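Mapping of the sequence shown onto our numbering: position 140 corresponds to residue 196, and the numbering continues sequentially without gaps.
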Amino acid sequence: MSKLAEPPVEVADGYRAGRTLPFRVELVRQLKRRRTMVMGGVLFALPIILLIAFQVGGNPGGNNNRVNLMDTATASGANFAAVNLFSAAGFLLVIPVALFCGDTVASEASWSSLRYLLAAPVPRARLLWSKLTVGLSLSLAAMVLLPVVALAVGTAAYGWGPLELPTGGSLSTGTSAQRILIVVAYIMVSQLVTAALAFYLSTRTDAPLGAVGGAVFLTIIGSVLDEVTALGDWRHFLPAHWQYAWLDAVRPQLEWSDMIQGTSISVTYALVLFALAFRGFARKDVVS
């Protein structure tokens with residue numbers, strides 16, 4: 057006996073699931089939000105604040121005998137941009153990543169608009185992909201905005217020149233630009249774990265602050281655990297252990313080994329968390 061065919065599912069004329077909630081529409085929505093503008097303003101202001109600090113405080117690192125990247129901040133615009141990245145990579149750049157990826161789904165739930173988006177109907181996977189790609193795009197924009205503004209401010213204040221290395225020697229302006237691009241790319245990859253944590257929590261809670269704060273908190277915990285030397289080689293499995301591996305890009309000879317290990321750890325954690333976010337949201341009873 058043949059199996060009875062299921063009745064066809066009726067859909068509205070012209071409806072295409074792949075065209076719902078397009079990237080451009082979601083991007084414009086997020087760009088217009090106040091938190092996006094505030095975060096952009098903070099990142100824009102940081103190089104100016106550091107410039108004022110150097111002008112008021114004098115030559116950076118002048119009162120210690122150790123030579124580090126901060127000591128070369130006023131050597132050129134490229135050095136000033138590198139120092140801004142060094143100052144912000146540990147914590148400040150964590151915040152926009154957690155904000156843009158953690159606030160995205162949870163905010164819809166807190167506004168009680170998530171169920172209406174799904175009833176539009178926007179397929180759940182489509183909604184998450186749109187939210188995630190916009191969140192990662194804004195995070196990357198934040199990573200790029202800081203060094204671009206810092207390079208402009210530093211060049212105006214200290215002139216355009218080679219990247220002076222703290223270990224001695226310098227890199228030509230062309231090579232410096234390439235190295236800074238590598239640094240920005242690596243910082244973005246290293247922040248994928250924070251992005252994935254925030255996105256996963258955003259699909260599990262209706263409180264945006266909980267998702268954003270939870271991701272920042274867990275990132276800080278990872279950094280604290282990395283300082284516990286008693287953990288030994290176990291620290292190598294912590295994404296925070298490799299967050300400054302990009303410093304190998306501001307050496308005379310570019311070293312890739314640590315950045316490759318850091319990338320593999322970060323991407324692995326991120327893929328697992330993104331998969332859990334999609335799997336959990338597909339089964340979630342959305343009532344908000």
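Ideal placement from N, C-alpha and C gives every residue a C-beta, glycine not left out. It should be emphasised that the depicted structure is a prediction, and the values quoted were computed from it without experimental measurement.
1) Kindly list the residues whose CB is nearer than 7 Å to the CB of V123, restricted to its own chain and excluding five residues on each side of it in sequence; keep chain order.
2) Check whether the segment 244 to 262 and the segment 146 to 156 are in contact - that is, three or more C-beta pairs closer than 8 Å.
3) Have a look at the DSSP bridge pairing and note the partners of L227.
4) Grab the span of the alpha helix (DSSP H) containing R335 for me, first residue to last.
5) Are the beta-carbon atoms of L183 and T92 separated by less than 9 Å?
6) With a cut-off of 8 Å on the beta carbons, I'd call D341 and S258 a contact; round off their distance for me.
7) Compare the beta carbon distance of A181 and F330 with 9 Å and say whether it is the shorter of the two.
8) Do A241 and A137 count as a contact pair if the criterion is CB distance below 9 Å?
9) Just how far apart, CA to CA, sit L332 and L310?
10) When you compare the segment 92 to 104 with the segment 198 to 212, are there three or more beta-carbon pairs, one atom per stretch, that lie closer than 8 Å?
11) Look at the alpha carbon of M244 and the alpha carbon of S186, and state the distance between them as a whole number of angstroms.
12) Going by C-alpha distance, which of G278, T275, L141 is nearest I238?
Answer, in terms of the structure:
1) Position 67 of the sequence shown, counting from 1, holds the residue named residue 123. At V123, the pLDDT of 48 sits below 50, so the modelled position is not reliable and the matter cannot be decided from this model.
2) yes
3) Looking up residue 227 in the sequence shown gives position 171. Paired residues: L219.
4) Position 279 of the sequence shown holds residue 335. Run containing R335: 313 to 339, per the alpha helix (DSSP H) assignment.
5) Sequence index remark: in the sequence shown, residue 183 carries index 127 (1-based). Sequence index remark: in the sequence shown, residue 92 carries index 36 (1-based). The Cβ atoms of L183 and T92 lie no closer than 9 Å to each other.
6) Reading the sequence shown from its first residue, position 285 is the one you call residue 341. Reading the sequence shown from its first residue, position 202 is the one you call residue 258. With 8 Å as the limit, D341 and S258 do not qualify as a contact, their Cβ atoms being about 16 Å apart.
7) The residue labelled residue 181 in the question sits at position 125 within the sequence shown. The residue labelled residue 330 in the question sits at position 274 within the sequence shown. Cβ distance not < 9 Å, so A181 and F330 don't count as in contact.
8) Taking the sequence shown and counting its residues from 1, one reaches residue 137 at position 81. Taking the sequence shown and counting its residues from 1, one reaches residue 241 at position 185. For A137 and A241, no; Cβs fall outside 9 Å.
9) What you label residue 332 is simply residue 276 of the sequence shown in a count that begins at 1. What you label residue 310 is simply residue 254 of the sequence shown in a count that begins at 1. Rounded to whole angstroms, L332 and L310 show a C-alpha spacing of 36 Å.
10) yes
11) For the purposes of this step, residue 244 is taken as the residue at position 188 of the sequence shown. For the purposes of this step, residue 186 is taken as the residue at position 130 of the sequence shown. Cα-Cα distance, rounded: 19 Å.
12) In the sequence shown, the residue the question calls residue 238 occupies position 182. Checking every option, the nearest Cα to that of I238 belongs to L141.
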